[in-house]
Amino acid sequence: MTCQTLPKSVDHPEPLLDKGRGPARTFMGRTASRIAGQRYAGGSPLPDAPWRAGLRRLEATMKVSIIGGGGTRVPILMGALLDLQERLDLSEIALIDPDGKRSAAIDKVVAALVQDRDSTVTVSHPSTFRECVTGASFVIAAIRVGGDHMRTLDERIPLSMDVLGQETVGAGGFAMAVRTIPVVLEMLKELREVAPDAWFINLTNPSGIITQAMVSHGGFHNVVGICDAPTSIGILLAYLLKVEPENLVLDYYGLNHCGFVKAVYALGHDVLPQILSMIDQVPGFEAMTRFPPAFVRRLGKLPNGYIWYYAFKRESLAAVKAARETRGEEVERLNAQLVADLMATDDPLAAYEAYLDKRDDGHLAEEYWTAMSLKSGQGYSAVAMDVLLGLAGKGQSVVPVNVMNRGAIAGLALDDVVEVPSLITERLIRPLAVGPIDTESQLLIGQIKLYERSLVDAVAYRDLGALIEALALNPLVPSPAVARDLVLAFKEQEAPYFDSFK
1124 MTCQTLPKSV DHPEPLLDKG RGPARTFMGR TASRIAGQRY AGGSPLPDAP
1174 WRAGLRRLEA TMKVSIIGGG GTRVPILMGA LLDLQERLDL SEIALIDPDG
1224 KRSAAIDKVV AALVQDRDST VTVSHPSTFR ECVTGASFVI AAIRVGGDHM
1274 RTLDERIPLS MDVLGQETVG AGGFAMAVRT IPVVLEMLKE LREVAPDAWF
1324 INLTNPSGII TQAMVSHGGF HNVVGICDAP TSIGILLAYL LKVEPENLVL
1374 DYYGLNHCGF VKAVYALGHD VLPQILSMID QVPGFEAMTR FPPAFVRRLG
1424 KLPNGYIWYY AFKRESLAAV KAARETRGEE VERLNAQLVA DLMATDDPLA
1474 AYEAYLDKRD DGHLAEEYWT AMSLKSGQGY SAVAMDVLLG LAGKGQSVVP
1524 VNVMNRGAIA GLALDDVVEV PSLITERLIR PLAVGPIDTE SQLLIGQIKL
1574 YERSLVDAVA YRDLGALIEA LALNPLVPSP AVARDLVLAF KEQEAPYFDS
1624 FK
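As structure tokens, this is what we get:
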């Protein structure tokens, strides 16, 4: 779903004049004086009502807190925020990260960006989470509990048992969620105390599972999960169709890293049938997407790139095992080199650009639907900014995000977190109904959601047996016995994060 920004204003006829009373206020084409059969003299606004008493608008000047401020994508996020400084009335960006060495390196890039943009935004570095989020309008979290090395364990432990260890959909994503959920739930406890009206924008993987944990056990519903995979499909399609991404509207539905496009609208016409008929003629389609054209045509819809792991289990496992290093090992190596380069250079922006080039060229780039580099600003940061602008009341938009279902996908619970196009407006997100979906995708979505909900509950209650049962529900884990072996191996090699499970 490309991010479609709605018009800031719509031309209306001149407001009706109520003789002797001044201009009447219009509402959805009717005069406010007629709403609910009431007539208020003089065109005065509706009187205050009890429900108004608890309403608080966002602060006149805005503070944004970034949790995981030493992350390697933070400069891209910072650049996007600085570009919107005036539009958002942005006054402060607070960064916090437990990794002091990496934070110091990334701070050099951030400082150079602020200087390069001649920005007046204050960049602060609080020492505690509470201090960081106090007074914040938005809290953006992109954390990796345990650091890059733990990700390599997440991937290698399953591979030793011939199980895919992918960091979001596989057993690796399971281990990452086990480490991350308790940390995020603790954050929400403090956030409720010091910034109860803030919105929590989650960029932490696995995004759907972490967002589900916040909804189910965090007691805080001002949360939204973000992933750039759906919008990346739109960008790739725009490239293939030779149109601008904003000229396409995608009917997208599913869960994080388990979704499909069932219609592609250009100028009001569904062009998906034409797309399916032409993919054989697209040079390198399978190399670019990993999907054989015949498979996509049989589906009759366009799959999120991560569907490859479910539909081609044997091939995906073989490809990962044949690689010289896992994606986690590659990222750990590149990130360590970035920190070293940044600490040694007087030109942090050039060093960071070089890092992005290397990362884009990675042989196991998971986001293979993404037709642009991190530098383009059309990934996570662009989606995050669309969400932030909408919630701040700076323009409505429709964006595919991870939110409570609320009936958008039939057959799922109202509080199941789903990934669907959603209306983003001031302090409100509402998912759009996706309509009928086919049985095949409904079954896969249902199984993965059962796995996600079971995992979230097992972590919340620190139940080892339930944790094993949850992993056994993952379609990429071959049996309950293998699930048990995996959990025990994680418990041994990632002990600090699993020891409390009984």
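Residue numbers (my numbering): 1124 to 1625.
C-beta: ideal position from N, C-alpha, C; glycine also.
Quick caveat: nothing in here was measured; it's all calculated off a predicted structure.
Rounded Cβ spacing between residue i and residue j (contact assumed at less than 8 Å)
i: Gly1331; j: Asn1370; result: Not a contact, Cβ separation roughly 28 Å.
i: Cys1381; j: Ile1430; result: 7 Å
i: Phe1414; j: Pro1426; result: 7 Å
i: Met1508; j: Ala1203; result: 5 Å
i: Ala1635; j: Gly1530; result: Any question about residue 1635 goes unanswered here, given that the chain covers just 1124 to 1625.
i: Ala1190; j: Met1273; result: The question names Ala, but residue 1190 in the sequence shown is Ile. Contact flag wrong, Cβ pair sits at about 17 Å.
i: Gln1519; j: Leu1546; result: 7 Å
i: Tyr1620; j: Gly1269; result: 7 Å
Where residue i sits in the DSSP three-state scheme
i: Pro1329; result: coil
i: Pro1523; result: strand
i: Thr1303; result: helix
i: Thr1291; result: coil
i: Glu1215; result: strand
i: Phe1261; result: strand
i: Thr1184; result: coil
i: Ser1602; result: coil
i: Phe1343; result: coil
i: Ile1190; result: strand
i: Ala1155; result: Any reading at Ala1155 is ruled out, since the residue's pLDDT is 33, under 50, leaving its predicted position unreliable.
i: Ser1244; result: In the sequence as displayed, the identity of residue 1244 is Val instead of Ser. Looking at Val1244 - three-state DSSP - the assignment turns out to be coil, as it is neither helix nor strand.
i: Gly1530; result: coil
i: Ile1324; result: strand
i: Gly1502; result: coil
i: Glu1617; result: coil
i: Val1540; result: strand
i: Gly1269; result: coil
i: Gly1518; result: coil
Any chain D beta carbon closer than 8 Å to residue i
i: Val1317; result: Considering every chain present, this structure includes no chain D. It has just one protein chain.
Burial state of residue i, where buried means 16 or more other Cβ atoms lie within 10 Å
i: Glu1617; result: buried
i: Lys1231; result: buried
i: Ser1564; result: buried
i: Lys1385; result: buried
i: Arg1450; result: buried
i: Thr1327; result: buried
i: Val1643; result: Beyond the ends of the chain as shown, which are 1124 and 1625, falls residue 1643; an answer cannot be given.
i: Ser1623; result: exposed
i: Arg1553; result: exposed
i: Ala1228; result: buried
i: Thr1251; result: exposed
i: Gly1342; result: exposed
i: Pro1368; result: buried
i: Pro1353; result: buried
i: Asp1400; result: Before going on, a small fix: residue 1400 reads as Ser here, not Asp. That one is exposed.
i: Tyr1691; result: No answer is possible for residue 1691: the residues shown for the chain start at 1124 and end at 1625.
i: Arg1576; result: buried
i: Ala1155; result: With a pLDDT of 33 at Ala1155, under the threshold of 50, the modelled position of this residue cannot be trusted; read the value that follows with caution. Buried.
i: Tyr1376; result: buried
i: Gln1537; result: Here the sequence assigns Leu to residue 1537, which means Gln is not the residue at that position. That one is exposed.
i: Thr1562; result: exposed
i: Pro1417; result: Note that residue 1417 is Ala in the sequence shown here, rather than Pro. Its Cβ having fewer than 16 others within 10 Å, Ala1417 is exposed.
i: Gly1516; result: exposed
i: Tyr1432; result: buried
Practice problem: Go through the region 1352-1428 residue by residue and report every complete run of the alpha helix (DSSP H) that reaches 4 residues or more, in order. | Solution: Taking only runs of at least 4 residues, the alpha helix (DSSP H) segments lying wholly in the region 1352-1428 are 1352-1364, 1395-1401, 1408-1412, 1416-1422.
Self-check item: Any 3 or more C-beta pairs closer than 8 Å across the region 1559-1578 and the region 1589-1598
Solution: yes
Quiz prompt | Any alpha helix (DSSP H) of 4 or more consecutive residues that is wholly inside the region 1442-1485 | solution = 1450-1467, 1471-1483, all fully within the region 1442-1485.
Practice problem: Could you tell me which uninterrupted beta strand (DSSP E) segments, each at least 3 residues in length, are contained entirely in the region 1542-1591, listed from first to last along the chain? | Solution: 1551-1554
Quiz item: Pairing CB atoms from the region 1442-1457 with CB atoms from the region 1300-1318, are three or more of them under 8 Å?
Solution: Between the region 1442-1457 and the region 1300-1318, the count of Cβ pairs shorter than 8 Å is below three; the stretches do not touch.
Quiz item: Do the region 1240-1260 and the region 1200-1219 meet, that is, are 3 or more Cβ pairs less than 8 Å apart?
Solution: yes
Exercise. Check whether the region 1315-1324 touches the region 1255-1268, taking contact to mean three or more Cβ pairs, one atom from each stretch, closer than 8 Å.
Key: yes
Self-check item: Segment contact flag, the region 1468-1481 with the region 1222-1237, C-beta cutoff 8 Å, min 3 pairs
Solution: Here the region 1468-1481 lies against the region 1222-1237, with 3 or more beta-carbon pairs under 8 Å apart.
Quiz item: Okay, do the region 1273-1285 and the region 1581-1591 touch, 3+ Cβ pairs below 8 Å being the bar?
Solution: no
Quiz item: Any chance the region 1283-1290 sits against the region 1341-1356, with 3 or more Cβ pairs inside 8 Å?
Solution: no
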